Amino acid sequence: MSTTVASAAQPVLAVDEVWVRHPGERRVSDVLRGVSLRVRAGEIVGIQGPSGCGKSTLLRVCATLERPARGRVRIGGHEVPRGWRRDGQVMPINQNATGALDPRWPIWRTITEPLLARHHTHRPTTVQRREIAREQLRQVGLDGLDVDARPGQLSGGQCQRVAILRALIAKPRLLVADEPTAALDVSVAAGVLHLLANAASQGIAIVIASHDRAALRVLCTRVAHLRDGTLVEEAEIGANR
Amino acid sequence: MTTPTPGRDGLRIENLSVRYPSGAHAVRRISLHVAPGRTLALVGESGCGKTTVAMAVLGLLPGTARVEGSIRLAEHEVVGASEASLRRIRGLHVGLVAQDPMRSFDPLLSVGTSVREAWRVHGRRPVRDGVATTLGELGIPEPRRRLRHRPHQWSGGMLQRAAIAAAGAHTPALIVADEPTSALDADRADAVLNALRATGAGVLLISHDLELVARHSDEVSVMYAGTIVEHGEAAKVLAAPRHPYASALLAATPRPGAGLPVPLPGAPPGLDVEPAGCAFAPRCPLAGEDCAENQPPLHHDVACHRVNGRAA
Numbered sequence: 001m002s003t004t005v006a007s008a009a010q011p012v013l014a015v016d017e018v019w020v021r022h023p024g025e026r027r028v029s030d031v032l033r034g035v036s037l038r039v040r041a042g043e044i045v046g047i048q049g050p051s052g053c054g055k056s057t058l059l060r061v062c063a064t065l066e067r068p069a070r071g072r073v074r075i076g077g078h079e080v081p082r083g084w085r086r087d088g089q090v091m092p093i094n095q096n097a098t099g100a101l102d103p104r105w106p107i108w109r110t111i112t113e114p115l116l117a118r119h120h121t122h123r124p125t126t127v128q129r130r131e132i133a134r135e136q137l138r139q140v141g142l143d144g145l146d147v148d149a150r151p152g153q154l155s156g157g158q159c160q161r162v163a164i165l166r167a168l169i170a171k172p173r174l175l176v177a178d179e180p181t182a183a184l185d186v187s188v189a190a191g192v193l194h195l196l197a198n199a200a201s202q203g204i205a206i207v208i209a210s211h212d213r214a215a216l217r218v219l220c221t222r223v224a225h226l227r228d229g230t231l232v233e234e235a236e237i238g239a240n241r
Numbered sequence: 242m243t244t245p246t247p248g249r250d251g252l253r254i255e256n257l258s259v260r261y262p263s264g265a266h267a268v269r270r271i272s273l274h275v276a277p278g279r280t281l282a283l284v285g286e287s288g289c290g291k292t293t294v295a296m297a298v299l300g301l302l303p304g305t306a307r308v309e310g311s312i313r314l315a316e317h318e319v320v321g322a323s324e325a326s327l328r329r330i331r332g333l334h335v336g337l338v339a340q341d342p343m344r345s346f347d348p349l350l351s352v353g354t355s356v357r358e359a360w361r362v363h364g365r366r367p368v369r370d371g372v373a374t375t376l377g378e379l380g381i382p383e384p385r386r387r388l389r390h391r392p393h394q395w396s397g398g399m400l401q402r403a404a405i406a407a408a409g410a411h412t413p414a415l416i417v418a419d420e421p422t423s424a425l426d427a428d429r430a431d432a433v434l435n436a437l438r439a440t441g442a443g444v445l446l447i448s449h450d451l452e453l454v455a456r457h458s459d460e461v462s463v464m465y466a467g468t469i470v471e472h473g474e475a476a477k478v479l480a481a482p483r484h485p486y487a488s489a490l491l492a493a494t495p496r497p498g499a500g501l502p503v504p505l506p507g508a509p510p511g512l513d514v515e516p517a518g519c520a521f522a523p524r525c526p527l528a529g530e531d532c533a534e535n536q537p538p539l540h541h542d543v544a545c546h547r548v549n550g551r552a553a
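As they're listed, the protein sequences go chains A and B. Residue numbers for the first sequence follow the working numbering, so the first one is 1 and each next one is one higher. Residue numbers for the second sequence follow the working numbering, so the first one is 242 and each next one is one higher.
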C-alpha cells in the first residue's frame with residue numbers, strides 16, 4: 001500500500017499499516033502487525049480468522065474506538081482526530097446487543113437517538129421519533145413490539161435487530177459489525193444478513209467479522225483472513241452473491 | 242436405525258411431554274432413541290423445546306415442571322425417579338457438555354484438577370498422566386504442561402475438549418451436548434464434535450447449526466413448537482428435507498453459492514396455546530384449510546398433511 005491511487009471511488013475507510021500492541025501475560029504482544037484495509041461505499045468486507053487472532057481489535061480500530069500505536073486510519077479521506085465523536089458517521093454493532101443498548105431507555109429512544117446528532121438539520125420531535133421507530137420495527141418484522149419496551153423485555157434476536165436499526169437509521173458512512181449474528185437463531189440471523197445487504201445497497205460501507213464462513217461468503221464483496229496479526233485478502237468472491 | 246446395542250441401551254424417550262407452571266407445553270409427546278456410539282441432533286429455533294428435552298433427560302427440570310411419558314437411560318427410568326437415584330443415574334450413565342466451557346470449570350482450580358476430580362467422582366482413579374494422555378488424544382498440544390493452567394489460559398475450543406474428557410470419563414451411555422460449539426469457530430467446532438464422537442457414548446446434540454449437524458450427526462430430529470416434525474438420517478434430511486419447516490430452516494441457513502438466506506416469515510407460536518391443527522400452518526407456504534383443523538401425526542417420520550397426502 002505504498003502508492004495512493006486517486007480513483008473515482010475514494011474509500012470510506014482507509015486503514016494503512018496499522019500496528020496495535022496489547023499487554024500480554026508475560027510480554028507486550030503485537031495484535032496487529034501492519035494491517036491495511038480499504039472499504040468503499042456499498043462494499044461489504046468480511047474479516048475471518050480464528051478466535052483470539054485480533055478480529056475484534058481490528059474492528060475497534062476500523063470503528064475508531066481504538067487508536068493504533070502506529071499507522072493511519074482515515075474516514076472519507078480524513079485522518080481521524082484524537083477524541084473524534086464520530087457524529088453518527090461510523091456506527092459499531094457488537095455481538096452482545098443486549099449490552100450495547102441502554103437498559104433505561106425505551107427502544108424508540110434508542111433507535112432514533114442518532115437522528116439528533118449535531119449535523120442533522122431536521123431533528124424529529126418525540127411524537128415523530130416514536131412513529132419512525134414503529135415504522136423501522138415493522139420493516140424488520142418486529143411490528144408486534146411495543147416501542148416503549150425496554151431492552152430487558154426483549155429477546156436477544158430482538159435486541160440485535162434494534163441495535164442494527166439504531167446503527168443504520170442516520171445513514172452512517174461506515175458500519176462496523178463484530179459477530180452480529182453469532183448469538184442468533186438461523187432465521188433471525190438470515191434477517192440480519194438481509195438488513196446488512198440492504199444497507200450496503202444504499203451505499204453504506206460495511207466491515208463485518210464473523211466465524212460463520214458461509215454467512216460471509218453469501219454476504220460479502222470481499223473476505224480477508226486475519227492471521228498472526230496480518231491481513232490476507234481472499235480472491236474476490238463477489239461472483240457468488 | 243437398527244443399531245446393535247451390546248451390553249446396554251443408550252437413551253430411549255417415549256411419549257415425553259413437559260409442561261411448565263406458566264402453562265407452556267414445552268414438549269409434546271415426543272419419542273426418540275439414541276443408541277450408544279450414535280449421534281442424534283435435535284434442531285429447531287429458540288423455544289422449540291430442544292433444551293427442555295435435554296434438561297428432562299438429565300433430570301434437571303425444575304420440580305414444578307410436569308413431566309409425562311418415559312425417559313430411559315441405559316434402561317433406568319428418569320421420569321419420576323427420586324433425587325438419590327437421579328444422582329446415581331447421572332453419575333453412571335450420562336455426561337453433560339454445556340454451551341459455555343468457561344462456566345463449566347472452576348476458575349480457581351487448574352484444568353487438570355477439575356478433570357481429575359470429575360474422573361474421581363465417576364469412580365475412575367486417574368493413573369499417572371492418564372488425563373494428559375486422554376487430552377493429547379483429543380488434540381490438545383502439550384497437555385501435561387497445559388493441565389497446570391487455569392481455565393482462562395485455555396481457549397474455548399481446548400476447554401470444551403477438556404469438558405468432554407470430564408464428561409466422558411465414566412464411559413456413560415449418553416452425553417448430552419447443548420450447543421457445545423456456539424462459542425467456537427468452525428475448525429474448533431469440528432475438533433470438539435470429533436472428540437465427542439470419539440468417546441463412544443451416544444450423543445444427544447442440541448444445535449441450531451445445521452451445517453455442523455450435517456457433518457457430525459447420524460440422525461436428526463427437527464423440532465417445532467414442542468413436537469418432532471421430521472426425523473431421519475441427518476445426511477438425507479438436510480439434503481432433501483420433506484417437512485416445510487425443515488425446508489424453511491434450511492433455506493434460512495447461509496450456504497456458499499446459494500445467495501442470501503431466506504428468513505422464515507413470522508415467529509414461532511407461544512407454547513401456552515394448544516393449536517387445533519398443525520402448529521407450523523400460520524407460517525407454512527403449503528398450508529391449506531385442513532392444516533389448521535387437524536394436528537398431523539408423525540407418519541413415515543414426517544408430521545405434515547401435505548407431505549403425507551392430506552389427512553391421515
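No residue lacks a Cβ here, since even glycine has one placed at the ideal position from N, Cα and C. Every value quoted in this text rests on a predicted model; they were computed, and no experiment measured them.
Residue(s) in a DSSP beta bridge with residue i
i: V259/B; result: V268/B, V308/B
i: S29/A; result: H22/A
i: V338/B; result: A418/B
i: L314/B; result: L252/B, H317/B
i: E79/A; result: R74/A
i: V463/B; result: V284/B, E471/B
i: H274/B; result: R253/B
i: T230/A; result: R227/A
Three-state class that DSSP yields for residue i in the structure shown
i: G377/B; result: helix
i: H120/A; result: coil
i: S73/A; result: Before going further, note that residue 73/A is Val rather than Ser in the sequence given. Of the three classes helix, strand and coil, the one that applies to V73/A here is strand, per DSSP.
i: V194/A; result: According to the sequence displayed, residue 194/A carries His and not Val. Looking at H194/A - three-state DSSP - the assignment turns out to be helix.
i: P114/A; result: helix
i: V503/B; result: coil
i: A14/A; result: strand
Min CB distance residue i to chain A below 9 Å
i: T555/B; result: Here chain B comprises residues numbered 242 to 553, so residue 555/B is not present and cannot be evaluated.
i: H449/B; result: yes
i: R429/B; result: yes
i: A455/B; result: no
i: V503/B; result: yes
i: S396/B; result: yes
i: E471/B; result: no
i: G332/B; result: no
i: P497/B; result: yes
i: G500/B; result: yes
i: D426/B; result: yes
Where residue i falls, given that 16 or more other Cβ within 10 Å makes a residue buried
i: S201/A; result: exposed
i: Q136/A; result: buried
i: M343/B; result: exposed
i: E316/B; result: exposed
i: G83/A; result: exposed
i: K291/B; result: buried
i: S323/B; result: exposed
i: L13/A; result: buried
i: N94/A; result: buried
i: R429/B; result: buried
i: R387/B; result: buried
i: W108/A; result: buried
i: E460/B; result: buried
i: R217/A; result: buried
Any non-hydrogen atom of the ligand ADP closer than 8 Å to residue i Cβ
i: L527/B; result: Absent from the structure shown: the ligand ADP. Ligands present: none.
Cβ separation of residue i and residue j, assumed to be a contact under 8 Å, to the nearest whole Å
i: K55/A; j: I47/A; result: 5 Å
i: L425/B; j: G397/B; result: 5 Å
i: A455/B; j: A487/B; result: Their Cβ separation, rounded to whole angstroms, is 12 Å, which puts A455/B and A487/B out of contact at 8 Å.
i: A214/A; j: P497/B; result: 5 Å
Residue i at chain B interface by Cβ criterion, 9 Å
i: L219/A; result: yes
i: G76/A; result: no
i: D228/A; result: no
i: G157/A; result: yes
i: R134/A; result: no
i: D87/A; result: no
i: H211/A; result: yes
i: P191/A; result: A quick correction: the sequence has Gly, not Pro, at residue 191/A. Yes, its Cβ sits closer than 9 Å to a Cβ of chain B.
i: P50/A; result: yes
i: V162/A; result: no
i: V188/A; result: yes
i: D16/A; result: no
i: A183/A; result: yes
Chain-ordered chain E contacts of residue i [CB-CB under 9 Å]
i: L168/A; result: Absent from the structure: chain E. Protein chains present are A and B.
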